[in-house]
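Read through the structure below, which is laid out as structure tokens, and then see the notes.
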Amino acid sequence: MTRSCVVSVGLLLLAVSTLTYGQGLLVVTDPDQVVRLPRPILIWPPDRPVVRPEPPAAYKIKQLEVNARLLDQVAQVQVSQSFTNTGSRQLEVAFLFPLPYDGAIDSMTLLVDGKEYPARLLKSDEARKLYEQIVRKNQDPALLEWMGTGLFKTSVFPVPAGETRTVSLRYSQLCRQHDGLTDFLFPLSTAKYTSHAVDEVSFRVTIESAQEIKNVYSPSHSVEIKRPDDNHATVTYKTKNEVPTEDFRLFYDVGKGKVGTRVLSYRPDEDDEGYFLLLAGPKIESKDNEHQKKTVMFVVDRSGSMTGEKIEQARGALKFVLNNLREGNLFNIVAYDSEVESFRPELQKFNEETRKAALGFVEGIYAGGSTNINAALRTALAQLQDSKRPSYVLFLTDGLPTVGETKEMQIVDNAKEANDVRARIFAFGVGYDVNSRLLDKLAREGFGQSQYVRPNEDIEDSVSRLYRRIESPVMTDVTIEFAFDEKHEELGKPVSRVYPKGSFDLFAGEQLVVVGRYKKAGPVKVTVRGSVAGEEQKLDFPAKLARHSEDETAGFIEKLWAVRRIGEILDELDLKGKNEELIEELVKLSTRHGILTPYTSFLADEDTSIRDTASNLRRADRRLSALAEPSGAGGF
645 MTRSCVVSVG LLLLAVSTLT YGQGLLVVTD PDQVVRLPRP ILIWPPDRPV VRPEPPAAYK
705 IKQLEVNARL LDQVAQVQVS QSFTNTGSRQ LEVAFLFPLP YDGAIDSMTL LVDGKEYPAR
765 LLKSDEARKL YEQIVRKNQD PALLEWMGTG LFKTSVFPVP AGETRTVSLR YSQLCRQHDG
825 LTDFLFPLST AKYTSHAVDE VSFRVTIESA QEIKNVYSPS HSVEIKRPDD NHATVTYKTK
885 NEVPTEDFRL FYDVGKGKVG TRVLSYRPDE DDEGYFLLLA GPKIESKDNE HQKKTVMFVV
945 DRSGSMTGEK IEQARGALKF VLNNLREGNL FNIVAYDSEV ESFRPELQKF NEETRKAALG
1005 FVEGIYAGGS TNINAALRTA LAQLQDSKRP SYVLFLTDGL PTVGETKEMQ IVDNAKEAND
1065 VRARIFAFGV GYDVNSRLLD KLAREGFGQS QYVRPNEDIE DSVSRLYRRI ESPVMTDVTI
1125 EFAFDEKHEE LGKPVSRVYP KGSFDLFAGE QLVVVGRYKK AGPVKVTVRG SVAGEEQKLD
1185 FPAKLARHSE DETAGFIEKL WAVRRIGEIL DELDLKGKNE ELIEELVKLS TRHGILTPYT
1245 SFLADEDTSI RDTASNLRRA DRRLSALAEP SGAGGF
């Protein structure tokens, strides 16, 4: 199962020189220390002399409340956490929130003495300056800052001794769905960090589906499920005075009948461009005798950190793939540490002889040495020659690049340059020390996906589940086209800024998920093109792009599109360096759509009017003009 709807409220409480996880862990460190993005967050104490030890910050997590609404594949989640300063001194508190690539924080509020202070979105430097001014006045601000890909930090000051503060966040997320099964995951476990109990934990998840809901199941918690009708369900979970030991996970599946195609559009202002979301599950049967010949390249990390159970599981995953390849497929194995070693110098035809030889090679893979990711990927991709044959690279690592080329974007650029056949790269990150930012970029540029295996999860199981999916792609090299009918061809191309870009593969049970923008409203024809069992096919279906949206029902589409565009801009800045034009566009998008970036921050303070922040500031010109005001942009 891929990584989906994953949001952590592992919360770092920053108290003077004390860093505390919101659900328990107390770690002494430097408040100004840069925190890189791991999964989850690990903070290492720096070497520095302690002039005079201070008593550790005392706190208690009073309540963690999660309210989620799953509308088909879209999750809208409200997270509230209350904490009390049980110590004898005033604290400044900071929380860290890791989010997945597609996650977007909509808003933040700070609750002080029963009064709610909504957040406002400012440029980062403005927010930090204003926050420090309020701190000097000893008032109550809260600041939410972007700290890296999917990681945000919010600061609250002061928290007087004996008092309670509540921080609330709202975020939206497009969940992944496979074979009619939607997976919602909220990382909750803290036992590995602390023994501190949470006074009260509560979850409420409402599910609304256009198709009949068949099953609702939580493998992690004893939940209560209510089913008022075939298309709705409510899931609740409550516990008191307990240390959360497992992440909260919820699955629900829908009927196996013919999956329809849906185009949702949202256009709040006729004078502005609209936004659309395409969800489609083409009814294409994959017959056993139509398996398309393909190439599978396995790239496995055998560095020293893979010692023990990890390398055993990696060998098991390799054996599973080798025992499930088909006659006519091509394959090879690249094992790497400081050096790179291939099973054979070139791709091998799969047969009984090569299978046995490859299994012998797998048995000889042992862990030791450093991690040369760049050389391993270049070696693997250089062996792929046939662009007409679907090619898949299963890339597994548990660490960071430590030898050879170690710069993230250079590794990504080198892999992209070497990938002449448009091979799909599926990256597996094992454990908590992986460079998730690097793996996510490799997967995106490699037309694939990134997945993460926790230390207590089985590598072999994760790889085998993915291989079963790609073993029989229903449609490869899929492209999406939008067109007006013949009477309106003079209007030109209906849509723009469509994501994902380029072509991709569709596997059995999956949906096409495409977002984009449009200028002209009205009926359009959507064409899905791709290769099915080696033969070109196309599917046409009608859709309608709204001229004007009367309500906010589909308003989430605007944010989904903006998240992808902002991600594209950030990748461009990472790759090519600072570009003022791109930064300006990023700030405009971030401010207009309420999405945190390295250049914007939320700020909540006691001078914020709820009436003012509740006003509709969707139009870019109004938001941008507000940035020039001393108090910053109006909020949510």
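Numbered according to our numbering, the sequence shown spans residues 645 to 1280. Ideal Cβ placement from N, Cα and C applies to all residues, glycine included.
Assignment of Tyr980 by DSSP, reduced to helix, strand and coil, places it in the strand class. The beta carbons of Met950 and Ala1020 sit no closer together than 8 Å. For Glu868, DSSP records a beta bridge to Thr880. With a minimum length of 3 residues, the unbroken runs of beta strand (DSSP E) contained wholly in the stretch 978–1039 fall at 984–986. Bounds of any alpha helix (DSSP H) do not take in Ser812; it lies within the beta strand (DSSP E) bounded by Thr808 to Leu818. In this model, Val1159 and Glu1212 are separated by some 13 Å (Cα to Cα). The stretch 996–1011 makes no contact with the stretch 1042–1054: fewer than 3 CB pairs, one atom from each, lie closer than 8 Å. Note: Arg713 is bridge-paired with Gln720 and Thr850 in the DSSP secondary-structure output. When Lys706, Thr850 and Leu825 are compared, the shortest CA-CA separation from Glu807 is found for Lys706. Here the C-alpha atom of Ala1071 lies approximately 11 Å from the C-alpha atom of Arg1081. Here Val721 has Ala712 and Tyr815 as same chain residues with Cβ atoms under 6 Å from its own Cβ, once five neighbours each way along the sequence are excluded. In this structure, the alpha-carbon of Ala1059 lies about 17 Å from that of Gly1146.
When the beta-carbon positions are compared, Gln817 and Ala719 come within less than 8 Å of each other. In the DSSP assignment, Ile1055 falls within the unbroken alpha helix (DSSP H) covering Glu1052 to Ala1062. Non-local C-beta neighbours of Ala1087 in its own chain, meaning closer than 8 Å and more than five positions away in sequence, comprise Ile1069, Phe1070, Ala1071, Gln1093 and Ser1094, ordered along the chain.
For Ala805, the closest of His876, Thr728, Asn782 and Asp873 by C-alpha to C-alpha distance is Thr728.
Taking a C-beta distance under 8 Å as the contact criterion, Thr939 and Ser1031 do not qualify as a contact pair. Counted as a single uninterrupted DSSP element, the stretch harbouring Tyr1111 is not any beta strand (DSSP E) but the alpha helix (DSSP H) occupying residues Ile1103 to Ile1114.
Under DSSP, Leu921 shares a beta bridge with Leu908 and Val1159. Distance from the Cα of Lys1051 is smallest, within the candidate group Asp1218, Val723, Asn1100 and Phe1091, for Asp1218. For Ala1198, same chain residues with a beta-carbon under 6 Å away, outside a window of 5 residues either side, are Leu908 and Tyr910 in chain order. Phe964 is not bridged by DSSP to any residue.
Contact annotation: Phe1128 and Val1168 have beta-carbon atoms nearer than 8 Å. Per DSSP, the beta bridge partners of Glu886 are Val842.
Residue environment analysis places Gln936 among the buried positions, since at least 16 neighbouring C-beta atoms fall within 10 angstroms of its C-beta. DSSP, reduced to helix, strand and coil, places Gly948 within a helical segment of the structure shown.
Per the coordinates, the alpha-carbon of Leu1233 lies some 19 Å from the alpha-carbon of Glu914. Where Asp1149 is concerned, the enclosing beta strand (DSSP E) starts and stops at Phe1148 to Phe1151. Judged by pairs of C-beta atoms under 8 Å, the stretch 941–956 does not touch the stretch 1184–1192, as fewer than three such pairs exist. Boundaries of the alpha helix (DSSP H) harbouring Asp1218: Phe1200 to Lys1220, taken from the DSSP string.
For Phe895, the closest C-alpha among the options Lys858, Val1107 and Arg946 is that of Lys858. Listed as beta-bridge partners of Glu1179 by DSSP are Val1176. Rounded to whole angstroms, the gap between the alpha carbons of Pro1138 and Phe847 is 42 Å. Your pair Val849 and Gln725 does not check out as a contact, with CB atoms roughly 17 Å apart and the cut at 8 Å. Taking a 10 Å sphere around the C-beta of Asp1184, we find fewer than 16 other C-beta atoms and assign the residue as exposed. The three-state secondary structure of Gln855, taken from DSSP, is coil.
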